[in-house]
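Residue numbers (the numbering used here): 44 to 198.
Note that the Cβ used here is the ideal one computed from N, Cα and C, for glycine as well.
Worksheet for the structure shown next.
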DNA sequence: GCCAACGTTGGC
DNA sequence: GCCAACGTTGGC
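Right under this line is the structure:
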């Protein structure tokens with residue numbers, strides 16, 4: 044089982060939206076590094092931290108979700124009127140993937156980015172490194188458990 | 001709104 | 001293959 048951190052701007056899609064929907068297709072990702080992670084490493088039962096990005100003081104980890112199954116082609120890439128339409132992607136060789144996630148829990152409190160930066164134990168986290176811009180990042184089991192503890196929930 | 005730090009595109 | 005120009009992400 045693997046552990047991830049997945050970013051979403053809450054004004055686009057928040058933990059409360061996922062709590063309501065229970066299951067959601069996590070798509071619209073147009074970055075090859077992230078695509079390769081989805082394709083090669085994501086698996087059923089993986090756990091992910093839900094991260095609110097570009098949210099001012101509310102930026103940080105807000106809860107947990109579970110990967111429902113293997114990644115599959117993102118339908119938005121074939122929809123010509125979609126913002127995420129990719130005319131260069133072919134149906135028999137899709138370029139972009141997404142994955143379904145299931146709501147697991149919302150943390151009792153926000154674990155903010157500024158708080159994460161103060162934690163010595165998390166100082167090597169990919170999320171906190173300069174220049175990180177990937178919307179999905181691998182998280183170590185130790186980091187995952189520690190952030191769950193900060194959020195007030197057992198991992 | 002600004003801007004650093006990327007990633008992508010396309011001319012050569 | 002190089003690299004300048006451009007676009008995007010995301011913290012501040």
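Selected residue, minimal CA-CA separation from residue i, among the options
i: residue 70; options: 144, 167, 135, 172; result: 144
i: residue 95; options: 137, 113, 116, 48; result: 48
i: residue 122; options: 113, 112, 133; result: 133
i: residue 65; options: 108, 55, 81; result: 108
i: residue 93; options: 130, 157, 104, 78; result: 104
i: residue 97; options: 136, 56, 74; result: 56
i: residue 119; options: 106, 137, 102; result: 137
Alpha-carbon spacing of residue i relative to residue j, whole angstroms
i: residue 151; j: residue 169; result: 24 Å
i: residue 124; j: residue 115; result: 21 Å
i: residue 157; j: residue 193; result: 13 Å
i: residue 53; j: residue 59; result: 9 Å
i: residue 83; j: residue 160; result: 30 Å
Buried/exposed call for residue i, threshold 16 Cβ in 10 Å
i: residue 185; result: exposed
i: residue 51; result: buried
i: residue 76; result: exposed
i: residue 80; result: buried
i: residue 171; result: exposed
Cβ-Cβ distance between residue i and residue j below 8 Å
i: residue 187; j: residue 61; result: no
i: residue 155; j: residue 87; result: no
i: residue 111; j: residue 85; result: no
i: residue 165; j: residue 128; result: no
i: residue 78; j: residue 139; result: yes
Three-state secondary structure (DSSP) of residue i
i: residue 79; result: helix
i: residue 86; result: coil
i: residue 184; result: helix
i: residue 91; result: strand
i: residue 152; result: strand
i: residue 179; result: strand
i: residue 120; result: helix
i: residue 63; result: helix
i: residue 158; result: helix
i: residue 169; result: helix
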